[in-house]
Amino acid sequence: MSAVYESYANEALNELKMDTANALLDQFSQQAAAESWSYSHFLGRLLEAEIQTRLKKRVDIAYNMARFPYLKRIDDFEFEAQPSVNPQLIDELATGRYLAEGRCVVFMGPPGVGKTHLAIALARLVCDMGKRAYFTSAVDLVRKLNRAMGENRLHRAMQVVIHPTVLVIDEVGYLELNQTEASLLFQVICKRYDHQSSIILTSNKPFSQWGSIFANDPVMASAALDRLLHRSTVINIKGDSYRLKEKRSAGVPFPSEIDGLSKN
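What follows is the structure in structure tokens.
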């Protein structure tokens with residue numbers, strides 16, 4: 025490459041903010057000449073390097089913004105221990121096709137069966153695509169929104185949970201919500217539904233008990249379920265808690281084996 029055109033290429037790449045391509049221009053030019061690359065090969069290699077760098081930056085940003093409490097992978101999930109979970113269905117969800125369809129994924133089941141594990145594993149795959157995910161427990165979500173409402177910044181706070189490609193709402197139903205908190209959770213579900221944006225949700229309560237989640241308001245609960253389940257994949261995990269299995273192996277009985285306690 026002549027000095028004139030190399031200088032012009034540097035200026036053009038700088039103007040286009042293609043820093044990686046600019047940094048590799050001289051190296052790839054020399055390699056192209058030495059190995060007799062075609063023009064398309066040279067351009068393709070340069071653009072590939074730029075795209076990979078940009079993707080890595082997007083992935084890093086996505087992970088920083090996701091607020092995962094910890095990281096899990098699908099490969100780490102013990103499907104043998106939870107035979108009610110269909111590995112083929114999880115593999116299909118891992119492709120991310122549900123995102124384009126605006127489908128929700130709902131993991132149901134008692135505590136400790138791997139609902140949060142799978143929710144995080146699917147959401148981190150979204151981050152690996154360079155897209156945004158956001159993780160929150162249901163209680164943290166409504167409390168933050170309630171506080172924002174009191175400070176007259178609810179609209180801004182809502183954008184945090186509306187804009188990500190996927191929103192993970194964990195532990196829906198573990199703690200009771202008051203009327204205001206239930207209304208805020210309902211608003212989030214409605215706004216995500218209206219934007220055809222996916223939610224991954226975990227809950228220990230069957231749908232028949234969701235009235236108690238929404239402050240014993242059956243109308244609100246029904247409307248929330250209508251939107252959540254319109255386009256959804258529901259996975260009901262029926263099995264024993266991993267944590268309780270570990271306790272049993274250490275000689276500690278299951279709750280169902282203790283007088284007066286129920287397994288659920």
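For what it's worth, this note's numbering labels the leading residue of the sequence shown as 25, then goes sequentially.
Don't be surprised by glycine CBs; every beta carbon is placed ideally from N, CA and C.
Because the structure is a prediction, the values reported are computed rather than measured.
message: Within 8 Å of any Cβ in chain B, is that where the Cβ of Ala73 sits?
response: Protein chain content of the structure displayed is limited to a single chain, and chain B is not contained in it.
- prompt: Would Ile75 be called buried (16 or more neighbouring beta carbons within 10 Å of its own) or exposed?
  reply: Taking the first residue of the sequence shown as position 1, residue 75 is located at position 51. Exposed, by the Cβ-count rule.
message: Among the candidates Arg156, Ala145 and Met153, whose CA atom is the shortest distance from the CA of Asp99?
response: Counting from one through the sequence shown, the residue named residue 99 turns up at place 75. Ranking the options by Cα distance to Asp99, first place goes to Ala145.
task: Taking the CB atoms as reference points, tell me whether Arg127 and Arg255 lie closer together than 8 Å.
output: Counting from 1 along the sequence shown, the entry for residue 127 is found at position 103. Counting from 1 along the sequence shown, the entry for residue 255 is found at position 231. Yes. Within cutoff.
- request: Apply the 10 Å Cβ neighbour rule to Tyr122 and answer buried if 16 or more other Cβ atoms are within range, or exposed otherwise.
  value: Position 98 of the sequence shown, counted from the first residue, corresponds to residue 122. So Tyr122 ends up on the buried side.
Met173, DSSP secondary structure in three states: Reading the sequence shown from its first residue, position 149 is the one you call residue 173. Three-state DSSP puts Met173 in a helix.
message: Check for me: the alpha helix (DSSP H) holding Ser207 runs from which residue to which?
response: Taking the first residue of the sequence shown as position 1, residue 207 is located at position 183. From DSSP, the alpha helix (DSSP H) with Ser207 extends over Gln203 to Asp218.
message: Considering only their Cβ atoms, is the gap separating Gly154 from Arg82 smaller than 8 Å?
response: Looking up residue 82 in the sequence shown gives position 58. Looking up residue 154 in the sequence shown gives position 130. A contact, by the Cβ cut-off of 8 Å.
query: With contact counted as at least three CB pairs below 8 Å, one residue from each stretch, are the stretch 108-123 and the stretch 78-93 in contact?
result: no
field: DSSP-derived helix/strand/coil call for Gly197
entry: Translated into positions along the sequence shown, residue 197 becomes position 173. Reduced to three states, the DSSP call for Gly197 is coil.
task: Would you tell me roughly how many angstroms separate the C-alpha atoms of Ala45 and Ser31, rounded to the nearest one?
output: Counting from 1 along the sequence shown, the entry for residue 45 is found at position 21. Counting from 1 along the sequence shown, the entry for residue 31 is found at position 7. Near 13 Å, if we compare the C-alpha coordinates of Ser31 and Ala45.
field: Cβ-based neighbour list, Ile114, same chain, cut-off 7 Å, excluding 5 preceding and 5 following
entry: Here the question's residue 114 lines up with position 90 in the sequence shown. Cβ within range, chain order: Ile98 and Leu142.
query: Tell me the DSSP bridge mates of Asn260?
result: Taking the first residue of the sequence shown as position 1, residue 260 is located at position 236. Looking at the DSSP assignment, Asn260 forms a beta bridge with Met132.
- prompt: Does the Cβ of Ser291 have 16 or more other Cβ atoms within 10 Å, making it buried, or fewer, making it exposed?
  reply: The structure shown does not extend to residue 291, since the chain spans only 25 to 288, so no value can be given for it.
message: Quick check on the DSSP output: the beta strand (DSSP E) that includes Tyr94 runs from which residue to which?
response: Locating residue 94 in the sequence shown gives position 70, counting from the first residue. Counting along the chain, Tyr94 falls outside any beta strand (DSSP E), and DSSP gives it neither H nor E.
message: Tell me the DSSP secondary structure of Phe159 in three-state form.
response: Residue mapping note: residue 159 aligns to position 135 of the sequence shown, counting from 1. Phe159: strand per DSSP, three-state reduction.
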